[in-house]
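Convert by adding 5 to the 1-based position in the sequence shown; the result is the number in my numbering.
Note that CB positions come from ideal geometry on N, CA and C, so glycine has one too.
Worksheet: the structure to be examined is printed underneath.
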Amino acid sequence: MKGKFKGFLVKFFLFIVVLSIPTMLCLYAAQARRYTNLTKEIRELERKQEKLIEENKKLVSDIAVLSSADRIEKIAVEELGMHKAETEDIVRVEMTGEKK
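What follows is the structure, encoded as structure tokens:
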């Protein structure tokens with residue numbers, strides 16, 4: 006009886022080993038495919054990040070150019086007909102008392 010049981014255990018163990026090899030190969034293939042897909046996605050995201058960084062640099066440069074004091078003064082004078090206020094043009098307003 007012990008011989009039969011021992012033979013059964015050996016066959017069962019071999020059966021498990023035989024089934025586990027293809028299972029492990031399938032799992033390895035699935036992991037390799039997942040790794041490849043993630044690597045591809047990372048490369049795409051890195052390219053997108055580089056593009057966004059360059060676009061951001063350009064926008065920061067454009068903001069600096071557009072907000073320069075010389076440019077704003079030129080637009081104010083030439084397009085809007087404004088001029089720098091003289092001392093006598095400045096009116097000071099003081100507010101006293103409490104609001105009710």
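Query	Result
For the alpha helix (DSSP H) containing LEU19, name the first residue and the last one.	7 to 71
Let me check understanding here. Comparing Cα to Cα, which of ARG76, GLU59 and GLU46 lies closest to GLU84?	ARG76
Taking the straight line between their C-alpha atoms, what separation do you get for SER72 and VAL98?	29 Å
In three-state DSSP terms, what is ILE95?	coil
Starting from LYS79, trace the alpha helix (DSSP H) in both directions and tell me its first and last residue.	74 to 83
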